[in-house]
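S.K.: With the first letter of the sequence shown counted as 1, position 34 gets the number 205 in our numbering; the numbers rise by one all the way through. All residues carry an ideal CB built from backbone N, CA and C; glycine is no exception. Quick caveat: nothing in here was measured; it's all calculated off a predicted structure. Here it is, the structure, as structure tokens.
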Amino acid sequence: MKEVDWLDFRDHLSTADQEGRRVWIYPRKPRGPFFRARTWLSWVLLAIMFAGPFIRIHDNPLLLLNLVERKFVVLGQIFWPQDLIIFAVALLVYLTGIIVFTAAYGRFWCGWLCPQTVLMEMVFRKIEYFIEGDAPGQRALDQAPWTAGKIVRKAAKHALFLGLSFVVGNTLLAYIIGTDALFRIVTDNPLNHLEGLAFMVLFTLVFYAIFARFREQACTFICPYGRFQSTLLDEHSIVVAYDYQRGEKRGRWHRGQSSEARRAAGLGDCIGCQECVAVCPTGIDIRNGTQMECVHCTACIDACDGVMTKIGRPKGLIRYASLEGIERGERLRITPRIAGYTLLLGALGLLLLFLVFTRSDVQTTLLRAQGALFQQMPDGHFSNLYTVRVLNKTSHGVPIELRLEHPPGDLQVLGGGLVAPPQKQTETSVLIELDRTNLTGGKTLLVVGVYSNGRKTETLKTGFVGPRDDSK
Ligand code: SF4
Ligand code: SF4
172 MKEVDWLDFR
182 DHLSTADQEG
192 RRVWIYPRKP
202 RGPFFRARTW
212 LSWVLLAIMF
222 AGPFIRIHDN
232 PLLLLNLVER
242 KFVVLGQIFW
252 PQDLIIFAVA
262 LLVYLTGIIV
272 FTAAYGRFWC
282 GWLCPQTVLM
292 EMVFRKIEYF
302 IEGDAPGQRA
312 LDQAPWTAGK
322 IVRKAAKHAL
332 FLGLSFVVGN
342 TLLAYIIGTD
352 ALFRIVTDNP
362 LNHLEGLAFM
372 VLFTLVFYAI
382 FARFREQACT
392 FICPYGRFQS
402 TLLDEHSIVV
412 AYDYQRGEKR
422 GRWHRGQSSE
432 ARRAAGLGDC
442 IGCQECVAVC
452 PTGIDIRNGT
462 QMECVHCTAC
472 IDACDGVMTK
482 IGRPKGLIRY
492 ASLEGIERGE
502 RLRITPRIAG
512 YTLLLGALGL
522 LLLFLVFTRS
532 DVQTTLLRAQ
542 GALFQQMPDG
552 HFSNLYTVRV
562 LNKTSHGVPI
572 ELRLEHPPGD
582 LQVLGGGLVA
592 PPQKQTETSV
602 LIELDRTNLT
612 GGKTLLVVGV
622 YSNGRKTETL
632 KTGFVGPRDD
642 SK
């Protein structure tokens, strides 16, 4: 078996030592335009994330994934198990979207949009910087003996982490059970909600463990997306990459040294300052190439751009690029492949939106009542009894009117007007009478229109059973 080469990045994780113990990462505070852009975006994302359960569209939450009651709300639209086809298409669109997106844009999601990265880097890490200082201060504090000052700072940090984890955990719970159920758990007698409270505690502890201890390990070991991205990326994908053509061979820079002088000495633009490594939250060296641990957070781009500016060289030694582009010495450009993938992603997104927003609010089924045969009325008409089931997916009552559209006849909803209660399925009986002259053999096709507030929402087809030896 091949010996592990501890100097080769491919042979070991940067976050584990030779005994397999955790190597704690102290990433330096990033600064630069990418970090500023990510910060602004993170405020928007955090606002949506925490306000999401409270935002109402047509009285429904923005997003609810109630697996227990099999109730799902997306963008205010309630989805029921009957909407399985939309779920199936959504799942296919989602999986295809992930594959296409990653193949084109690499791990853009991880660095800019993933809740784990946003919360870790933009909330928890910033609290840590505020209380314990930048990386050198944190390292020094951890190595220092336990004094009153250290206890106070550590206790303050972990109390804040725990409190925030409670908020994050409850937000997740609100996305699962809804805000009303969450408030009931908080305000009601705790003994009535032991299950809910147990989940509250569990979620809080899980998030605390992730943000206080587990951190980058969640992306490296747990997140399936991180694990299979290596199979999705290729040399055309846009990734955070080190331009080895321009950077190599590495060598120290002396004040006033021109790039010509460096070239003449066989040196590239990388001055070996390790700034890119110091800011990396996953502890890797991007100069080794694209690695599984890299979450494309762009911190190394900012760090290296800062260095390049100081030594008077163009920015972009580490940049968004494809490996093919770097090999050819090209800047990032929209290739036909990227344009094609982007169009495909747009089309998939539109398909999903089309399915979501053209889905009917009310779903009606009309079936002959079980075991009932036709009846001949005293006036010679024939009648069939039906059961109508109406699933109202909206959060308000919907008046339903059924009209027999073919053949001519009489349709009567037994028990009077039908109003489908909100978010419920209701059923009632319907009697349909046809004149003998309108029967076509043993089974006559019926067309029934479903109307709500005068607008036709559905057309139903069913059979009407009559006598077989019909002689019109
Ligand atoms: S920050 Fe730039 S110059 Fe410094 S080591 Fe990294 S790649 Fe080289
Ligand atoms: S290598 Fe760069 S982009 Fe990747 S995780 Fe580290 S700092 Fe972020």
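(1) Run the proximity test for Val411: is its beta-carbon closer than 7 Å to any non-hydrogen atom belonging to ligand 1?
(2) Output the residue ranges of the beta strand (DSSP E) runs that lie fully inside the stretch 554 to 640 and measure 3 residues or longer, sorted by chain position.
(3) If you measure from the CB of Val478, is any heavy atom of ligand 2 nearer than 7 Å?
(4) Would you mind sorting Ile249 into buried or exposed? The rule is 16 or more other CB atoms within 10 Å of its CB.
(5) Per DSSP, Lys242 is paired with what?
(6) Pick out whichever of Ser600, Val527 and Tyr300 has its Cα sitting closest to the Cα of Lys564.
(7) Using 10 angstroms around the beta-carbon of Arg386, count the other beta-carbons present and answer buried if the total reaches 16, otherwise exposed.
(8) Can you have a look at Ile219 and say buried or exposed, based on whether 16 or more other CB atoms are within 10 angstroms of its CB?
(9) Which class does Ile196 belong to by DSSP, given the choice of helix, strand or coil?
(10) Please state if the CB of His407 and the CB of Glu495 are separated by a distance shorter than 8 Å.
(11) Around the C-beta of Arg207, are 16 or more other C-beta atoms found within 10 angstroms, so that it is buried, or is it exposed?
(12) I need the straight-line Cα distance from Arg607 to His577, nearest angstrom please.
(13) Which residue spans inside the stretch 373 to 444 form an unbroken beta strand (DSSP E) run of at least 3?
(14) Return yes when the C-beta of Arg653 is under 7 Å from any heavy atom of ligand 1, and no when it is not.
(15) Grouping DSSP H, G and I as helix and E and B as strand, with all else coil, what is Leu514?
(16) Sorry if obvious, but does the Cβ on Ala436 come closer than 7 Å to a heavy atom of ligand 1?
(17) Could you check where the beta strand (DSSP E) with Arg207 kicks off and where it finishes?
(18) Consult DSSP for Pro252 and reduce its assignment to one of helix, strand or coil.
(19) Pick from Ile381, Leu404 and Asp405: whose alpha carbon is nearest that of Cys394?
(20) Using DSSP bridges, identify the partner residues of Tyr276.
M.R.: Looking at the coordinates:
(1) As a first step, residue 411 is located in the sequence shown; it is residue number 240 there, counting from the start. Not one heavy atom of ligand 1 falls within 7 Å of the beta-carbon of Val411.
(2) Correct list: 569 to 577, 581 to 584, 589 to 591, 596 to 605, 614 to 623 and 626 to 636.
(3) Looking up residue 478 in the sequence shown gives position 307. Incorrect: Val478 has no Cβ contact closer than 7 Å to ligand 2.
(4) As a working note, residue 249 is residue 78 in the sequence shown. Note on Ile249: 16 or more other CB atoms within 10 angstroms of its CB, so buried under the neighbour-count rule.
(5) In the sequence shown, counting from the first residue as 1, residue 242 sits at position 71. According to the DSSP secondary-structure assignment, Lys242 is paired through a beta bridge with Asn237.
(6) Taking the first residue of the sequence shown as 1, we reach residue 564 at position 393. Its Cα nearest to that of Lys564, the residue Val527 stands out among Ser600, Val527 and Tyr300.
(7) Here residue 386 is taken as the residue at index 215 of the sequence shown, counted from 1. Arg386 is buried by the Cβ-count criterion.
(8) In the sequence shown, the residue the question calls residue 219 occupies position 48. It counts as exposed.
(9) Taking the first residue of the sequence shown as 1, we reach residue 196 at position 25. The answer is coil: DSSP assigns Ile196 none of H, G, I, E or B.
(10) Here residue 495 refers to the residue found at position 324 when the sequence shown is read from its first residue. Here residue 407 refers to the residue found at position 236 when the sequence shown is read from its first residue. For the 8 Å CB-CB criterion, Glu495 and His407 form a contact.
(11) Within the sequence shown, numbered from 1, the residue matching residue 207 stands at position 36. Taking every protein chain shown into account, the CB of Arg207 has fewer than 16 other CB atoms within 10 angstroms, so this residue is exposed.
(12) One-based indexing of the sequence shown puts residue 607 at position 436. One-based indexing of the sequence shown puts residue 577 at position 406. If you draw a straight line from the Cα of Arg607 to the Cα of His577, it is about 14 Å long.
(13) Listed in chain order, the complete beta strand (DSSP E) runs (minimum 3 residues) inside the stretch 373 to 444 are 410 to 413.
(14) Residue 653 lies beyond the range of the chain shown here (172 to 643); nothing can be said about it.
(15) Sequence index remark: in the sequence shown, residue 514 carries index 343 (1-based). DSSP places Leu514 in the helix class (H, G or I) of the three-state scheme.
(16) Mapped onto the sequence shown, residue 436 falls at position 265. No - ligand 1 has no heavy atom lying nearer than 7 Å to the Cβ of Ala436.
(17) Locating residue 207 in the sequence shown gives position 36, counting from the first residue. Careful: Arg207 lies outside any beta strand (DSSP E), inside the alpha helix (DSSP H) at Pro204 to Ala222.
(18) Translated into the one-based positions of the sequence shown, residue 252 becomes position 81. Taken through DSSP and simplified to helix, strand or coil, Pro252 comes out as helix.
(19) Stepping through the sequence shown from its first residue, residue 394 is reached at position 223. With distances taken between Cα atoms, Cys394 lies closest to Ile381.
(20) Here residue 276 corresponds to residue number 105 of the sequence shown, with the count starting at 1. According to DSSP, which records beta bridges pairwise, Tyr276 is partnered with nothing at all.
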